[in-house]
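A short write-up of the structure that comes next.
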Amino acid sequence: MADHVRPRPGSAIWKRVDGQFTGMKSQASGATYLEQFPGATADERLASEMKQPGGLWIYDGNPDDRPETEFAIEKFLSKSLSTDEIVVLAPGKPPFGEWVQLDEWPDEDG
1 MADHVRPRPG SAIWKRVDGQ FTGMKSQASG ATYLEQFPGA TADERLASEM
51 KQPGGLWIYD GNPDDRPETE FAIEKFLSKS LSTDEIVVLA PGKPPFGEWV
101 QLDEWPDEDG
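The opening position of the sequence shown corresponds to residue 1 in full-length UniProt numbering, with each subsequent residue numbered one higher.
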């Protein structure tokens, strides 16, 4: 069944079409670590989130080789690690590689 992702205002769905490798990193929010401590206050959670915000980032190639290409995204779909095909939901077109804008999120089943 397809994941019905709709871009919110200011976001768009982009598919990389140049066949190049797109690296990715994810970071859990610092606030998620506090979930194991039920007594954590709202201020402690906020401070933890500010010190370590969570998110997803893509890179042109290996993140360790090209850290300057970091680009924040909201969601991704990579159907195959062998084809380097990636689709992202992002606030704008990634600044590297060749991308086409899609009207809807692709079917994740094929």
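Just so it is clear, CB atoms sit at the ideal spot from N, CA and C, and this is done for glycine as well.
Cutoff 6 angstroms; reference residue i; Cβ partners in own chain excluding five residues on either side
i, result
"S78", "I86"
"residue 187", "There is simply no residue 187 to check, as the chain begins at 1 and stops at 110 in what is shown."
"L56", "S26, I73"
"E49", "S29, G30, A31"
Contacts around residue i, its chain only, beta-carbon distance under 8 angstroms, and the 5 residues preceding and following it disregarded
i, result
"R45", "A31, L34"
"S11", "E74, L89, A90, P91"
"F76", "M24, L56, I58, I86, V87, V88, L89"
Delimiting residues of the alpha helix (DSSP H) encompassing residue i
i, result
"residue 148", "Outside the modelled stretch of the chain, which goes from 1 to 110, sits residue 148, for which no answer is possible."
Nonlocal neighbours in the same chain, by C-beta distance under 7 angstroms from residue i, ignoring five residues either side
i, result
"K15", "V87, W99, V100, L102"
"P7", "I13, L89"
"A40", "L34"
Nearest residue (CA-CA) to residue i, options the options
i, options, result
"A96", "A12, R8, T22", "Per the sequence presented here, residue 96 reads as Phe, with Ala not at that position. Minimum Cα distance to F96 is reached at T22."
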